[in-house]
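Per the working numbering, residue 1 is the first one in the sequence shown, and the count goes up by one each step. The C-beta atom is built at its ideal place from N, Cα and C for all residues, glycine as well. Computed from a predicted structure; not experimentally measured.
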Amino acid sequence: MSVQPIEHSLTARNQLPTMMSTRGEDKRTPLPKNEQARMEAVRVARARIMRRNSLRKQRQAQEC
């Protein structure tokens, strides 16, 4: 089973240090509540799908 490098993962941008973005660049305005809620819902849905696929692979591996 291959492991995806952390730089290529879906959550890599959230795990990078924020020190780089504070060197005088314009600060971003926060996202509206509905966009934040949608992004969170997408994150949760992706996690659910990944877990479901992982469990499916585990079951298939046990059957062999």
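Distance check for A47 and N53, CA to CA, integer angstroms please.
Spanning the two alpha carbons is a distance of roughly 10 Å.
Whole-angstrom distance between Q36 and R43, CA atom to CA atom:
In a straight line, the C-alpha of R43 is about 11 Å away from that of Q36.
How big is the Cα-Cα spacing for Q60 and V3?
Approximately 19 Å between the Cα atoms of the pair.
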